[in-house]
Amino acid sequence: MNDLIELLNEKQKQAVLSESQFSLVLAGAGSGKTKTLTTRIIYLIEELYVNPRNILAVTFTNKAANEMKERVCSYSQKDLPLTVKTFHSFGAYILRLEASLAERNQYFQIYDDDDSKKLISEIIKKFDIAKSNLGTIKSWISKYKQCLEDYSKMEYKDQTYLEIYKRYNKALKDANCFDFEDLLLQPVKIFSNYEEVLKKYQRHYQYILIDEYQDTNLSQYQLIKYLVGQNNSLMVVGDEDQSIYRFRGADVSIILNFTEDFFGGEVIKLEENYRSTSNILNLANSVISNNKFRLGKELFTKGLDGDKIILFDCYDEEDEARKIISLILGEHLTYKDTAILYRINNQSRAFESILNKNKIPYTVVGSIAFYEREEIKDAISILKWLVNPQDKIAFERFVNKPVKGIGEKALVHFYEESQNFNNDLFVTMQNIDSVKNLTKKTKDGFIKIYEVFKDKESVIARKTVDELIDYYLDNLGLTEYFKTKDEKENTDKIANIKEFISSIKYKTSGLDTLLLFLEEFSLSASTLKDNGQNTGTVKLMTVHNAKGLEFENIFVSGMESDIFPHRNSIHDEEGLEEERRLFYVAMTRAKRKLFISFCNNRNSFGYMEQKDPSKFLYELKIDYLELKYLSKSAINTLGFKGNKTLSTNFLKKINFQIGDFVRHKDYGTGKIINIKEKNGKNLVTVDFLDYSLMDFVLEFTKLEKLSDR
DNA sequence: TTCCTGCAGATTTTT
DNA sequence: TCTGCAGGAA
Ligand SMILES: Nc1ncnc2c1ncn2[C@@H]1O[C@H](COP(=O)(O)OP(=O)(O)OP(=O)(O)O)[C@@H](O)[C@H]1O
244 MNDLIELLNE KQKQAVLSES QFSLVLAGAG SGKTKTLTTR IIYLIEELYV
294 NPRNILAVTF TNKAANEMKE RVCSYSQKDL PLTVKTFHSF GAYILRLEAS
344 LAERNQYFQI YDDDDSKKLI SEIIKKFDIA KSNLGTIKSW ISKYKQCLED
394 YSKMEYKDQT YLEIYKRYNK ALKDANCFDF EDLLLQPVKI FSNYEEVLKK
444 YQRHYQYILI DEYQDTNLSQ YQLIKYLVGQ NNSLMVVGDE DQSIYRFRGA
494 DVSIILNFTE DFFGGEVIKL EENYRSTSNI LNLANSVISN NKFRLGKELF
544 TKGLDGDKII LFDCYDEEDE ARKIISLILG EHLTYKDTAI LYRINNQSRA
594 FESILNKNKI PYTVVGSIAF YEREEIKDAI SILKWLVNPQ DKIAFERFVN
644 KPVKGIGEKA LVHFYEESQN FNNDLFVTMQ NIDSVKNLTK KTKDGFIKIY
694 EVFKDKESVI ARKTVDELID YYLDNLGLTE YFKTKDEKEN TDKIANIKEF
744 ISSIKYKTSG LDTLLLFLEE FSLSASTLKD NGQNTGTVKL MTVHNAKGLE
794 FENIFVSGME SDIFPHRNSI HDEEGLEEER RLFYVAMTRA KRKLFISFCN
844 NRNSFGYMEQ KDPSKFLYEL KIDYLELKYL SKSAINTLGF KGNKTLSTNF
894 LKKINFQIGD FVRHKDYGTG KIINIKEKNG KNLVTVDFLD YSLMDFVLEF
944 TKLEKLSDR
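Numbering (my numbering), first residue to last: 244 to 952.
Encoded structure:
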């Protein structure tokens, strides 16, 4: 144990050994907050002989939770029963045990945003509300739950919304489901209503530790406030400059008010950064210091200056991807130590396609796109409905697929009758004769479904999760349905299902495993596929997803106005400052090399749009920058007077040779017949099939290469 | 009442 | 480029 502690600096040690009941570690990026928290857990177990059962550690993502637990256990070299979860998975865990106190049973399922939206859209049909308001209402409801149903906190007040809210919750209850916000709200309600239950959990979790406390929202805070009783110890760590989840209700003032909320709390500040070179740190600091709403803090490193940060501009997003690739190859960056970060998910497209073309292995981290495919959602819905036959949203995904005459109206009659059977849709099918107004065809459809599921209990007991998916997709006719679709529309649905099935780790049969699988899927679908096969790949992710991570080499891409800061966040100062914090988080992920790029044009909905550099780029201090790959015009625009010349060498390296076939957006396909230098740029001559010869300045033109080498 | 097709409109960030 | 859904055919 001492060996571990000796590796820490004085401030970190102070935190690990702290005897205060409440303590806050407030420190900048890369100062070892997570490491300190983890070491403290080990210290509690190994030195203070705290029973691991009595420890609750809360992390921001499930991945971080697994890693933290893994670290603690590997130090002790055994599987310890400590609880490391996200707020949401902790909430789900409590609800699973106390479901009846929240009017559910233990088989409840968790609705994702899509499911919630479907439920809401059913409800607003009965109101005079346009479909286009669905998104607004969904976020209103989320917000209302996040602030613990405090109507005075809602900016927009509307009695109709409240009425919808009531019906929505009733529908959730009838479906025996919770939405994501419920996972926090309902435990808080339980704790406030049932004192003896609260006491039980207070006794259980004597030591509570929370990472990334700056991104806590009110319901999470209240949950902790309840859990921390007279005798509980609490340590939180965070950095107000890294608060980036305001859109989810995160409130920085919660961390700033810590010493008042938890009276007498000790505050420990870590000021030494162990992650980044000093150029990276200084550059990041030059940006974040533009924020007004911050405490301001010291952050230094004893490390090397390191390389200067390379700032470069690109013609468009594909050019950006190509340049990043040539930098990765040119600078000999190891794939696995390299991450490309971006503001919005769809920026990954260009990177993926160009990385693919160049056969560079990559992993998109935290992308849920795969799990949002029709076939995957259908498979999951079947499983969800198997354990929870009250779930209409799940039922509707497969009940009429392939078509068997069960439409909207038929379902209305069916659901009406289901109320007499405790909303159990399986039992309702069993009693299909009592459903009125069904045509013969429709009724036969229901009977068909019933036949497939009538022995579901024994099938669940017998089959593993992957076998269940296979079995029911086959029997419901979905496999056949997808096969036909694959052929007709040239999709890969069957292949996707195969891939999904093979990624399932659970290999035992039975209801318990199924429940476990579904809970993990609902809470962290995006990390499911992270199965160790991703070593040796370049990582692609949003900046939000990079929170808490570190890489040797970081590319921060798409630093353009409207994207970063995002156009929807620039209307108030707080939004803008949050975007700046996001940029700060992005830069401080880098240990050794940092690259920042932006495009002068970007495709959006098939149109090429001209782009301006992000306003944050003007805040970068030139002392820490390497501008050799930045175009002259960009140097002028950004007001960098360094006046370095553009390296033509760099661009040549990327690609084009005489003899290459290329495609131009307007002129079609052609062959490069000449390349020459002109004013420091590359002038290419292309012989187009449908046009005559054309000259282009390579740097200013989008030419797609058709053949490789 | 169900099914199919063409077209308008969409993209912030996530547990 | 992709997707959901309105509107009309069956
Ligand atoms: N005392 C130390 N000596 C050497 N390395 C350290 C020390 N403390 C932390 N580190 C290293 O510094 C890096 C950053 O640590 P950690 O991720 O815990 O920081 P953090 O404050 O949680 O960062 P962030 O807030 O940016 O997520 C890690 O690689 C960690 O191993």
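Glycine is no exception: its CB is placed at the ideal position from the N, C-alpha and C atoms.
Cβ-heavy atom distance, residue i to ligand 1, below 6 Å
{"i": "Leu260", "result": "no"}
{"i": "Ser274", "result": "yes"}
{"i": "Thr277", "result": "yes"}
{"i": "Asp221", "result": "The shown model of the chain, from 244 to 952, leaves out residue 221, and the question about it has no answer."}
{"i": "Tyr456", "result": "no"}
{"i": "Gly791", "result": "yes"}
{"i": "Arg283", "result": "no"}
{"i": "Arg314", "result": "no"}
{"i": "Asn245", "result": "no"}
{"i": "Leu654", "result": "no"}
{"i": "Leu251", "result": "yes"}
{"i": "Tyr318", "result": "no"}
{"i": "Arg518", "result": "yes"}
Reduced DSSP secondary structure (H/G/I, E/B, other) of residue i
{"i": "Thr302", "result": "strand"}
{"i": "Ser624", "result": "helix"}
{"i": "Ser596", "result": "helix"}
{"i": "Cys390", "result": "coil"}
{"i": "Phe664", "result": "helix"}
{"i": "Leu819", "result": "helix"}
{"i": "Lys948", "result": "strand"}
{"i": "Asp805", "result": "strand"}
{"i": "Thr722", "result": "helix"}
{"i": "Lys652", "result": "helix"}
{"i": "Ile611", "result": "coil"}
{"i": "Tyr715", "result": "helix"}
{"i": "Phe899", "result": "coil"}
Proximity of residue i and residue j at Cβ, strictly below 7 Å
{"i": "Ala270", "j": "Asp556", "result": "no"}
{"i": "Ile511", "j": "Gln457", "result": "no"}
{"i": "Asn305", "j": "Ser767", "result": "yes"}
{"i": "Asn925", "j": "Leu941", "result": "yes"}
{"i": "Val495", "j": "Phe859", "result": "no"}
{"i": "Glu563", "j": "Ser840", "result": "yes"}
{"i": "Asp422", "j": "Ser359", "result": "yes"}
{"i": "Ile487", "j": "Leu868", "result": "no"}
{"i": "Asn210", "j": "Asp559", "result": "One cannot answer for residue 210 here, as it falls past the ends of the chain, which runs 244 to 952."}
{"i": "Arg410", "j": "Ile363", "result": "no"}
Per DSSP, the bridge partner or partners of residue i
{"i": "Asn733", "result": "Looking at the DSSP assignment, Asn733 forms no beta bridge with any residue, so it has no partner."}
{"i": "Val327", "result": "Ala300"}
{"i": "Asp422", "result": "Tyr354"}
{"i": "Ala833", "result": "Phe794"}
{"i": "Asn844", "result": "Gln853"}
{"i": "Asn460", "result": "Ala493"}
{"i": "Leu936", "result": "Asp930"}
{"i": "Thr279", "result": "Bridge partners of Thr279: none, in fact."}
{"i": "Leu267", "result": "Val479, Val510"}
{"i": "Lys647", "result": "According to DSSP, Lys647 bridges with nothing at all."}
{"i": "Met244", "result": "Met244 pairs with nothing; no bridge assigned."}
{"i": "Thr912", "result": "Arg906"}
{"i": "Asp556", "result": "Phe841"}
{"i": "Phe543", "result": "Glu515"}
Residue i: first and last residue of the uninterrupted alpha helix (DSSP H) it sits in
{"i": "Gln429", "result": "425-436"}
{"i": "Val510", "result": "Run containing Val510: none in the alpha helix (DSSP H); it sits in the beta strand (DSSP E), 509-513."}
{"i": "Val960", "result": "Lying before the first or after the last residue shown, residue 960 is absent from the chain, which here runs from 244 to 952."}
{"i": "Thr502", "result": "501-504"}
{"i": "Asp687", "result": "683-696"}
{"i": "Val781", "result": "Looking at the DSSP string, Val781 is not in any alpha helix (DSSP H); the run it does join, the beta strand (DSSP E), is 781-785."}
{"i": "Ile703", "result": "699-705"}
Continuous beta strand (DSSP E) stretch holding residue i: start and end
{"i": "Gln853", "result": "850-853"}
{"i": "Tyr578", "result": "It is not in any beta strand (DSSP E) - Tyr578 carries neither H nor E in the DSSP assignment."}
{"i": "Phe904", "result": "904-907"}
{"i": "Leu405", "result": "It is not in any beta strand (DSSP E) - Leu405 instead sits in the alpha helix (DSSP H) that spans 402-417."}
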